[in-house]
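The structure appears right after this line, and notes come after that.
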Amino acid sequence: MITIRDVKAIVTAPEGINLVVVKIETTEPGLYGVGCATFTQRYLTVASAVENYLKPFLIGKDVHNIEDIWQTANVSGYWRNGPEFNNALSGVDMALWDIKGKLANLPLYQLFGGKSREGAALYRHAEGDTKEEVAMNVRRYMDEGYRYVRCQLGGYGGKNQTLVKPDNSPDGAYYDPKIYMRTVEDMFSYLREEFGPEIEFIHDVHERLSPIDAVGFAKRLEPYRLFFLEDALPPEQIDWFENIRQHTTTPIAMGELFNNPNEWVPLIKNRLIDFIRIHVSQIGGITPARKITAACEMFGIRTAWHGPADVSPVGHAANVHLNVSSPNFGIQEYYGFSDQIKEVFPGCPEIKNGFVYPNQRPGIGIDINEEEAKKYPCHNELPQWTLARWPDGTSVTP
Ligand code: MG
């Protein structure tokens, strides 16, 4: 029997974004696995959950029994489904899948049934303060071979607007939802004229609208034939997706903030979304992600896993194995690996002509160079962009 000998959380920020990776060492010399546990805004809490709670729970357990370890660890603290512990659990879960692939001497997608496609299509993020600047960035990605681009004018919720605030208003990330909706609609009208019908456009509301405005906005964007509209509502307002469905055929993607099965189950079983967009480490890793993928397949919903720079390359690599193996893969978000990132994480997935490919190494196929990782310490700063406010100072979901 091969058992878990040591568990540790490695924190590093090669691009200034705090990443958490779990490494599990086994009783088999040289056999270890890595997993993504990145909740960038709460990285110290995740690392503590790994070292103080999961490590003593896991030492001595048989590395083969991933499902049983996931189930028992998930309920080990009685209260569950919170983002910090889910991320810690994801680090463990992915590391155990990595170990299983190494034991089988197969890349992980082979354990998931092999390839449904050779490579997974990616979407990139084009932003600008003007529609012309957005168009320039779209063109740049198209020249690199991408066929799916998310277009954002002035950041989430928009910027550069003349806002009139009450006296003594606190600092924050202010934006005006009405101006935001109007200018984004105008941007898509311009982009469709510039680029024609072939390219696929995506837009992220980032839960910045009131529910009824989100319904109206999804309808107003219908003529521009989006590939999908992302996170139109916050998780607290998921019942409103039924209203969006009744009013528009704009495809809907949802879920990067999800932590709890009660958030995604109703949307899947009622066919209220078209793409599930979960941040895989936020729900506990590959084990739950595969179950959600299978559930979505039954209901005609495709996957579009969250893939920003605050998913570690280990998490991105795990997503690639899910993406090439799942029959109902839709699209993968991608932000671009830098040279520093590739040095800290040898084995980053290969990107070519708008597709990502898994490498052929056993397991997840990626590693962490702990010496390189130490060169980039994390910083515990409060994020400012999460302090979103409407023009009168009202705090809203970011
Ligand atoms: Mg998003």
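If you use my numbering, the sequence shown closes out at 400, no skipped numbers anywhere.
Cβ coordinates follow ideal geometry from the N, Cα and C atoms, glycine included.
Taking a contact to mean a Cβ-Cβ separation below 7 Å, would you say I280 touches F260 in this structure? With respect to F260, I280 sits close: the two C-beta atoms are nearer than 7 Å.
Can you list every residue whose CB sits closer than 6 Å to some heavy atom of the ligand MG, going in chain order? D206, H208, E232, D233, E258
Is C38 helix, strand or coil by DSSP? strand
Same chain, Cβ closer than 6 Å to Q362, neighbours up to 5 away in sequence not counted: Correct list, in chain order: P109.
Check each candidate in F347, V52, S212, E30 and name the one with the smallest Cα separation from E17. F347
What do you get for Q386, buried or exposed, if any count of 16 or more other CB atoms within 10 angstroms of its CB means buried? exposed
Counting C-beta neighbours from all protein chains within 10 Å, is the total for Y80 16 or more, i.e. buried, or is it exposed? Counting C-beta atoms within 10 angstroms of its own C-beta, Y80 has fewer than 16 neighbours from the protein chains shown and is therefore classed as exposed.
Is A75 closer than 7 Å to A51 when the C-beta atoms are compared? No, the pair does not count as a contact, with Cβ atoms beyond the cut-off.
Strictly by DSSP, which residues pair up with Q154? E129
Measure the CB-CB distance between L60 and I12 and report whether it falls below 7 Å. no
Quick one: give me the first and last residue of the beta strand (DSSP E) that V9 is part of. Element bounds for V9: 6-14.
Do the CB positions of Y143 and V151 come within less than 7 Å of each other? Yes; because the gap between Cβ atoms is below 7 Å, this pair is in contact.
Cβ distance (whole Å) where G317 is taken to contact T14 below 8 Å: Wrong, their Cβ atoms sit about 13 Å apart, outside the cutoff.
Which residue or residues does DSSP assign as beta-bridge partners of R391? The bridge partners DSSP lists for R391 are Y176, S397.
Inspect the beta-carbon positions of V326 and P351 and report whether they are closer than 7 Å. Not in contact: V326 and P351 (Cβ atoms no closer than 7 Å).
Give me the residue from S397, E373, Y111 with the minimum Cα distance to L324. Y111
Give me the DSSP bridge partner(s) of R142. Answer is none; R142 lacks a bridge partner.
Do L21 and S314 have their beta-carbon atoms positioned less than 7 Å apart in this structure? yes
Mapping DSSP to helix, strand and coil, what is A122? strand
Our contact map puts L274 next to T252 with C-beta atoms below 8 Å; I'd like the distance itself, whole angstroms only. Wrong, their Cβ atoms sit about 13 Å apart, outside the cutoff.
From the DSSP output, which residues share a beta bridge with Y359? Y359 is bridged to E352.
How is E30 classed by DSSP in three states: helix, strand or coil? coil
Classify F230 as helix, strand or coil using the three-state DSSP reduction. Of the three classes helix, strand and coil, the one that applies to F230 here is strand, per DSSP.
Kindly indicate which residue of L211, F230, C298, G218 has the alpha-carbon position closest to the one of Q239. Residue L211 is the option with its Cα nearest to Q239.
Does the segment 224-233 come within contact of the segment 201-215, defined as at least 3 CB pairs closer than 8 Å? Counting C-beta pairs with one atom in each stretch, the segment 224-233 and the segment 201-215 have three or more that are closer than 8 Å, which means they touch.
Whole alpha helix (DSSP H) elements within the segment 275-331, 4-residue minimum: Here the runs fully enclosed are 288-300, 315-327.
Residues of its chain near A175, where Cβ-Cβ distance is below 6 Å and the 5 sequence neighbours each way are ignored: W387, L389, A390
Would DSSP call D169 helix, strand or coil? coil
Taking the alpha carbon of A297 as the reference point, which residue from A311, A106, K271, N67 has its own alpha carbon closest? Residue K271 is the option with its Cα nearest to A297.
Residues that DSSP places opposite K377 in a beta bridge: DSSP lists no partner for K377.
Compare the beta carbon distance of A306 and A255 with 7 Å and say whether it is the shorter of the two. yes
Got a sec, what are the start and stop residues for the beta strand (DSSP E) M256 sits in? 254-256
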